[in-house]
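Beneath this line is the structure, given in structure tokens, with notes to follow.
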Amino acid sequence: MNTMKRAITLVVALLLLLPLLVAAQDKIVIGHRGAAGYLPEHTLAGYAFGYALGADYLEPDLVMTKDGVLICLHDIYLESTTNVERVFPNRHRTDGHWYAIDFTLEEIKELSVHERCRGDGTPYFPDRFPVGKSRFEVPTFIEMIELVQGLNKSTGRNVGIYPELKRPSWHAQEGHPMVERFLDVLRAYGYLKLGARIYVQCFEPDTLQNLHRMEPTLPLVQLISNSRSYAKMRTENGLDEIATYAAGIGPSKTIIETNPKFVEWAHERRLVVHPYTFRKDQLPSKYKSLADELNQFYSVYGVDGVFTDFVDIACSVLAERSE
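The numbering of the sequence shown is our numbering, which starts it at -4 and goes up by one.
Given below as structure tokens:
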């Protein structure tokens, strides 16, 4: 009986440590919204290109449709990256936004995705893929997964997914239980199995804590912004609390620039550190190039991975480090 109890205790301990074991991989490159530096964000073409450029993980942001389907979209609104204003001109709410949750999947599939634009229609990054050229659709989470898993089979690689749940508490208030549907999809596609190549990220600690209770082996990443509401998370005591439910943190890169010890603090708590977001067309003036900035974060600050719109540059930086 004592032997059985010890065996059960060991198994439970290993299960609880799995997120940390997954986190102990080599330094990684995360394709931010696919390959957003080259193709419109959150499109199947963008994910495929990010895969081809060498990403270790591909990031889909997730929101829900009116009929309860998880789709890949950064915002809970549609107008910044689609032509919804033209296709459905009268379907905005009183605040002027076209919410994805007000449209069925069939309706959303009528839309074209374009490079992210401001309210006046001008692109945030004018040297990226031209607005209005070619045609891209809003993919479902399942379509994105099937693309990645299909490429894994045909190439022999094992690229992971790094989904972000966007405002799950708001979705719940709107009558859509995002977390439950999300776990249904992960279960159906094998991402709740031990050792699956996945991280799950969110800004909401309550959501991550709930996920940890439901699926204690699922590697979770607490996103941390510069805003006042995340001030505690930027302290050692805050990291102590995060370490009780997460395998890592995804801080704004400026948090690390402000406090280089932040990475050390996280590693002392066995948390991986994946800062966001690295772009060659939004480069801080102190750096000569994106490669220069990435070298600073990988080699000097010691981060474990980065979210970047330019997967190829990050992969080249890591390749040079290993030579």
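For glycine and all other residues, C-beta sits at the position ideal for the given N, C-alpha and C.
Residue i - partner residues in DSSP beta bridges
i, result
"Leu215", "Val195"
"Thr333", "For residue 333 there is no data in the structure shown, the boundaries of the chain being -4 and 318."
"Ile237", "Bridge partners of Ile237: none, in fact."
"Ile25", "Tyr52 and Phe302"
"Gly151", "Its beta-bridge partners do not exist; DSSP assigns none."
"Gly243", "Val216 and Val267"
"Val58", "Ile66"
Sub-8 angstroms separation of residue i and residue j beta-carbons
i, j, result
"Cys197", "Leu160", "yes"
"Ile66", "Pro134", "yes"
"Leu178", "Glu210", "yes"
"Ala31", "Asp304", "yes"
"Glu110", "Pro35", "yes"
"Ala286", "Val312", "yes"
"Asp299", "Ile23", "yes"
"Ala261", "Leu289", "no"
"Asp21", "Phe120", "no"
"Leu213", "Leu187", "yes"
"Ser149", "Arg130", "no"
"Ile250", "Asn232", "no"
"Val126", "Leu100", "no"
Option nearest residue i by Cα separation, candidates the options
i, options, result
"Arg162", "Pro172, Asn153, Ser311 and Ile156", "Pro172"
"Thr202", "Asp122, Ser311 and Val174", "Val174"
"Arg113", "Ala30, Phe292, Val268 and Leu73", "Leu73"
"Tyr282", "Gly297, Glu252 and Glu259", "Glu252"
"Leu142", "Ile103, Thr99, Pro84 and Ala47", "Ala47"
"Thr60", "Glu231, Phe136 and Thr89", "Phe136"
"Tyr194", "Asn147, Phe131, Tyr240 and Leu100", "Tyr240"
"Tyr184", "Ile156, Thr99 and Ala242", "Ile156"
"Asp62", "Ile103, Arg88 and Ser280", "Ile103"
"Gln204", "Ser164, Ala191 and Gly91", "Ser164"
"His166", "Gly49, Arg223 and Asp70", "Asp70"
"Leu278", "Ala191, Lys227, Lys248 and Glu259", "Lys248"
"Ala50", "Arg192, Gln168 and Pro84", "Arg192"
Cut-off 7 angstroms between Cβ atoms - residues of its own chain near residue i, not counting five sequence neighbours on either side
i, result
"Leu218", "Gln196, Cys197, Phe198 and Gly245"
"Glu105", "Val82"
"Pro255", "Tyr296"
"Asn(-3)", "Because the pLDDT of Asn(-3) is 48, which lies under 50, any placement of that residue in the model is unreliable, and the question is left without a value."
Own chain partners of residue i with C-beta closer than 6 angstroms, once the 5 adjacent residues on each side are dropped
i, result
"Phe302", "Ile25, His27, Tyr271 and Thr272"
"Glu80", "Glu74"
"Arg316", "none"
"Arg123", "Glu110"
"Ile140", "Tyr184"
"His92", "Tyr72"
"Met228", "Ile219"
Own chain residues within Cβ distance below 8 angstroms of residue i, not counting five before or after
i, result
"Ala238", "Arg264, Arg265 and Leu266"
"Gly45", "Gly26, Gly29, Ala30, Leu53 and Val306"
"Leu68", "His37, Asp56, Leu57, Val58, Thr76, Ala95, Val133 and Lys161"
"Tyr293", "Lys22, Val301, Val312, Leu313 and Arg316"
"Leu146", "Ala43, Tyr46, Arg152 and Val154"
"Arg86", "Val79, Trp93, Asp97 and Phe98"
Residue-level contact to chain C via CB, residue i, 8 angstroms cutoff
i, result
"Arg316", "As a matter of chain content, chain C is missing from the structure shown, which is built from one protein chain."
Residue i: CB within 7 angstroms of a non-hydrogen atom of the ligand ZN
i, result
"Gln168", "Among the components modelled here there is no ligand, and therefore nothing to report on the ligand ZN."
Which runs of the beta strand (DSSP E) fall wholly inside the region 80 to 128 and span at least 3 residues, in chain order? none
Whole alpha helix (DSSP H) elements within the region 245 to 272, 4-residue minimum: 248 to 253 and 256 to 263
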